[in-house]
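Before any comments, here is the structure.
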């Protein structure tokens, strides 16, 4: 009989321990769910704060990028002893955030005259929705023409001369998708 009571007490203790473990697990599970919920609430608050910031239209983002380019242009002109021969602005999402970014193409001609290009390149600006920030410059050692911005990539056409080409018209053309890595473009 004493053995029966001892077994009964042992079974009751084990059962209560099992219940305690189950209760502790449920408590931990609830705490984890509460933490996840708190993180979701903070994320929602951040998104709401971002969406409440004043959004600028694309045309204003382009104006901001062009103003930043105009500020830096004298530095480039002095470095190359040149004048601005051409400038074109292109838009498209090349940062993958769903916003149209800005690429400004430029070519520089020598102050002394002639029909050569002493430098050409792209200045790339990220549109944050409320401002634009320069992210990179692309000034390769070959001639190129801008093609398009599509599917998160900027496409240019590398231009090279064949032996029989005139100075005006390079005939070797190769499409190249630019890669943006940090502040470098290649």
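In the working numbering, the protein residues as written are 1 to 186. Backbone N, C-alpha and C fix where the C-beta goes; we use that ideal spot for every residue, glycine too.
- For residue 71, the enclosing alpha helix (DSSP H) begins and ends at 58-80.
- Here residue 27 is exposed: its Cβ has fewer than 16 other Cβ atoms, across all protein chains shown, within 10 Å.
- A distance below 6 angstroms between beta-carbons, with the five flanking residues on each side excluded, links residue 88 to the following residues of its chain, in chain order: 105.
- In this chain, residue 182 is not harboured by any beta strand (DSSP E), its DSSP state being neither H nor E.
- According to DSSP, residue 174 shares a beta bridge with 158.
- The beta carbons of residue 102 and residue 127 sit closer together than 8 angstroms.
- With 16 or more other Cβ atoms inside 10 Å of its own Cβ, residue 109 counts as buried.
- Residue state for residue 136 is assigned as strand, using DSSP reduced to three classes.
- Around the beta carbon of residue 172, fewer than 16 other beta carbons lie within 10 angstroms, which makes this residue exposed.
- Residue burial annotation: residue 138 is buried, with at least 16 other C-beta atoms found within 10 angstroms of its C-beta.
- When the five nearest sequence neighbours on each side are left out, the beta carbons in the same chain lying within less than 6 angstroms of the beta carbon of residue 64 are those of 132, in order along the chain.
- Around the beta carbon of residue 32, fewer than 16 other beta carbons lie within 10 angstroms, which makes this residue exposed.
- At a Cβ-Cβ threshold of 8 angstroms, residue 156 and residue 144 count as neighbours.
- DSSP, read as helix, strand or coil, puts residue 23 in helix.
- Exclusion of the five residues before and after residue 122 leaves 103, 105, 138 as the residues of its chain whose Cβ lies within less than 6 angstroms of its Cβ.
- At a Cβ-Cβ threshold of 8 angstroms, residue 174 and residue 153 do not count as neighbours.
- One thing to note: residue 90 has its Cβ within 8 angstroms of the Cβ of residue 149.
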